[in-house]
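These protein sequence lines map, in sequence, to chains S and R. Residue 232 in our numbering is what sits at position 228 of the first sequence, and the numbering runs on without skipping anything. Residue 111 in our numbering is what sits at position 63 of the second sequence, and the numbering runs on without skipping anything. A short worksheet on the structure shown next.
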Amino acid sequence: MLELKNVCFTVNDGTTDLNIVNDVSLVIPDGKFVVITGPNGGGKSTLARLIMGIEKPTSGKIIFNGTDITDKSVTQRAKLGIGYAFQQPPRFKGLTVRSLLSLAHGSELPEDQCCSYLTKVGLCSRDYLNREVDTSLSGGEVKRIEIATLMARDLDLAIYDEPEAGIDLWSFTMLVESFKAMMSDRKESIIIISHQERIMQLADEIVVIADGKIRNQGPKDEVFPRLMGEFDGGCNFR
Amino acid sequence: MEKIDFSMLGKIADITEIPSVGAYNIRKNGLGVERKSTENIEIIPKTDKNGIDIKIKPGTKAEKVHIPVIITEEGVNDVVYNDFYIGEGADVEIVAGCGIHNSGCNTSEHDGIHRFFIGKNARVKYVEKHYGEGEGTGQKILNPVTQVFMEENSYCEMEMVQIEGVDSTLRETEVNLEAGAKYVVLEKLMTHDEQKAESNMVINLNGKDASAQIISRSVAKNNSEQIFKPTAVGNADCKAHVQCDSIIMDNAKISSVPAITANNADAQIVHEAAIGRINNDQLLKLMTFGMNEEEAENVIVQGFLA
Chain S
5 MLELKNVCFT VNDGTTDLNI VNDVSLVIPD GKFVVITGPN GGGKSTLARL
55 IMGIEKPTSG KIIFNGTDIT DKSVTQRAKL GIGYAFQQPP RFKGLTVRSL
105 LSLAHGSELP EDQCCSYLTK VGLCSRDYLN REVDTSLSGG EVKRIEIATL
155 MARDLDLAIY DEPEAGIDLW SFTMLVESFK AMMSDRKESI IIISHQERIM
205 QLADEIVVIA DGKIRNQGPK DEVFPRLMGE FDGGCNFR
Chain R
49 MEKIDFSMLG KIADITEIPS VGAYNIRKNG LGVERKSTEN IEIIPKTDKN
99 GIDIKIKPGT KAEKVHIPVI ITEEGVNDVV YNDFYIGEGA DVEIVAGCGI
149 HNSGCNTSEH DGIHRFFIGK NARVKYVEKH YGEGEGTGQK ILNPVTQVFM
199 EENSYCEMEM VQIEGVDSTL RETEVNLEAG AKYVVLEKLM THDEQKAESN
249 MVINLNGKDA SAQIISRSVA KNNSEQIFKP TAVGNADCKA HVQCDSIIMD
299 NAKISSVPAI TANNADAQIV HEAAIGRINN DQLLKLMTFG MNEEEAENVI
349 VQGFLA
């Protein structure tokens, strides 16, 4: 279980303090699939980075499976079973898809297992296994490989920061299918930062974040219709 | 041959024992210690100076030659002249490499002067790895000179690697291509501490449809310094691509100066060069796999030079 207690993240732009995340308290129970949504610049991605430890909260506490991880590093949190898929995954000259998956797994992965992860994200493994994760791959391909690296890990909590960002419509359809497939045999909790209705439809719970605060939170069937109402009113989260 | 010899041979030539197949010449501390010719590959010691002639019969297919050099003593200054004659239509792999283990305080140096005469339609893959080790203060210096003469429609692929531990290197490479010949070189170099490396390459594309691909990847750590000057000269209707890519760390200095010259209006030559530090997101990504920063950095460097 992940618990955020009064988490704040403030930056100073030279003259004033900006509250990017403002007193957020949230509980993600074990095995839940939670979509965090809300307008751009509302603090969603920062929240994900705070959970992974890429940013440190200005105040508040983060508790994971009973351990206070507020002061723990990215590496320590990773070892406790938290995984994070970047919105814009970095590329690595010289590292093959296969070696990246093995690094994610923590030991050499057998070829058939690499292939099964790649197949799950809609990539034909034969074509990709020995390709370098460099600029020769398209944005959509890199995003799907990014998701595969989380599958290759043994996680208690997987965080995906806007998996749909920067990928084309066709890749997005594949991505939704990938997440659907993941639902069937997963044990970990999942947090996905997303604007996409089709991803929200997969969630157990939806959390709406705007201006650094939780504006709305609850089971998908309650929150989703209200969100759609906002869209109808001309408020587009993009 | 001692245990330490094979440990170094493993690093520089991927062999951990005397090869059971193929030709070989193993040179240690300035002397040839093991040598074997085969029916198609003849290794003949030179009589006028240090070195060997490697004569590969026309049409030889899928054979391998190992010619590693190891230096395990301090104060050795070994200059060796090796000439490779690769017959028409042959298809062979040549594994060279030099390892210096210097535990003393005097400089040990190996300068391999290699010339390749590649016959029509022949194919050569050449791998050369340089490595230095030893707890002594004695410098480990490697100054290789490589000259390649490629006849019509021949193909040559060279992988030239400096793994680590080489205090100073000056690498001179010159390649001359006739019509239809294709040359691919991948130079991979790592320097650390106070090491210095300079690599100069001149690729002359002299015949129609000659082509060359020059790829240089390097990592400079600590206070080390690197200078790259690859030059492609198009003297005919030809194609060449020069690519230099470096990771810079700590207080290192890298200078990358690719040059292209066209002496024919049909020559198409491109160069690109990039130097940059390891990107923070790359480190973070690997840290989200549970690595610490140092481990992540190592993975990135090893992958880049793999």
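For every residue, glycine included, the Cβ atom is placed at its ideal position computed from N, Cα and C.
- Measuring C-alpha to C-alpha distances from Asn23/S to each of Asp172/S, Asn10/S, Leu30/S and Asn69/S identifies Asn10/S as the nearest.
- Of the candidates Gln243/R, Glu205/R and Val250/R, Glu205/R places its Cα closest to the Cα of Tyr231/R.
- In this structure, the straight-line span from the alpha carbon of Arg219/R to that of Ile115/R is close to 19 Å.
- With a contact defined as Cβ atoms closer than 8 Å, Val69/R and Arg75/R miss out at about 20 Å.
- Relative to Leu107/S, the option among Ser142/S, Ile149/S and Ser77/S whose CA is nearest is Ile149/S.
- The alpha-carbon of Glu115/S is positioned some 39 Å away from that of Pro306/R.
- Nearest in C-alpha terms to Asp131/R, of all of Asp139/R, Ile89/R, Gly152/R and Glu111/R, is Ile89/R.
- Taken in chain order, the members of the region 320–339 of chain R whose beta-carbon sits within less than 9 Å of a beta-carbon on chain S are Asn327, Asn328, Asp329, Gln330, Leu331, Leu332, Lys333, Leu334, Met335, Thr336, Phe337, Gly338 and Met339.
- Here the C-alpha atom of Gly135/R lies approximately 8 Å from the C-alpha atom of Lys168/R.
- Within chain S, the C-beta atoms nearer than 7 Å to that of Ile348/R come from Phe96, in chain order.
- Secondary structure of Cys204/R (DSSP, three-state): strand.
- Taking all protein chains shown into account, Lys301/R has fewer than 16 neighbouring C-beta atoms within 10 Å of its C-beta and is therefore exposed.
- At a cut-off of 9 Å between C-beta atoms, Ile194/S does not count as an interface residue with respect to chain R.
- The alpha-carbon separation between Glu207/R and Glu183/R amounts to approximately 28 Å.
- Every beta strand (DSSP E) stretch that sits fully inside the region 141–211 of chain R and reaches 3 residues is listed by chain position as 146–149, 156–166, 171–181, 188–190 and 193–198.
- Boundaries for Arg75/R: no alpha helix (DSSP H) harbours it, while the beta strand (DSSP E) harbouring it runs Ala71 to Lys76, taken from the DSSP string.
- Out of Ala310/R, Cys292/R and Val223/R, the CA that lies nearest to the CA of Ile263/R is found in Cys292/R.
- DSSP, reduced to helix, strand and coil, places Pro167/S outside both helices and strands of the structure shown, so it counts as coil.
- Within the region 274–307 of chain R, contact with chain S at the beta-carbon level (separation under 8 Å) is assigned to Asp293.
- In terms of Cβ geometry, Ile148/R and Gly107/R do not form a close pair [threshold 9 Å].
- C-alpha of Gln195/R to C-alpha of Ile308/R: approximately 19 Å in a straight line.
- Contact of Phe352/R with chain S is assigned, a C-beta pair being separated by under 9 Å.
- By the neighbour-count definition (other C-beta atoms within 10 Å, threshold 16), Gly58/R is an exposed residue.
- In this model, Ser202/R and Ser120/S are separated by some 41 Å (Cα to Cα).
- Short of 6 Å from the beta carbon of Ser63/S, and not among the five residues preceding or following it, lie these beta carbons of its own chain, in chain order: Cys12.
- For Lys287/R, the closest of Thr217/R, Ile63/R, Leu225/R and Gln350/R by C-alpha to C-alpha distance is Leu225/R.
- In this structure, Met297/R sits away from Glu341/R, with a CB-CB distance that is not shorter than 9 Å.
- Residues of chain R whose Cβ lies closer than 9 Å to the Cβ of Met56/S are, in chain order, Leu332 and Thr336.
- Rounded to the nearest angstrom, the gap between the Cα atoms of Pro43/S and Val223/R is 59 Å.
- Looking from the CA of Ala313/R, the closest CA among Pro278/R, Thr336/R and Lys256/R belongs to Lys256/R.
- When the beta-carbon positions are compared, Ile211/R and Ile60/R come within less than 9 Å of each other.
- Among the bridge pairs identified by DSSP, Arg219/R is matched with Ser247/R.
- Beyond the five residues adjoining it in sequence on each side, Asn270/R comes within less than 6 Å, by CB distance, of His240, Asp241 and Asp298 in the same chain, given in chain order.
- Secondary structure note for Phe183/S: its alpha helix (DSSP H) is the uninterrupted segment Leu173 to Ser188.
- For Pro167/S, no CB of chain R lies under 9 Å from its own CB, so it is not counted at the interface with that chain.
- Taking the CA atoms as reference points, Val31/S sits about 27 Å from Met339/R.
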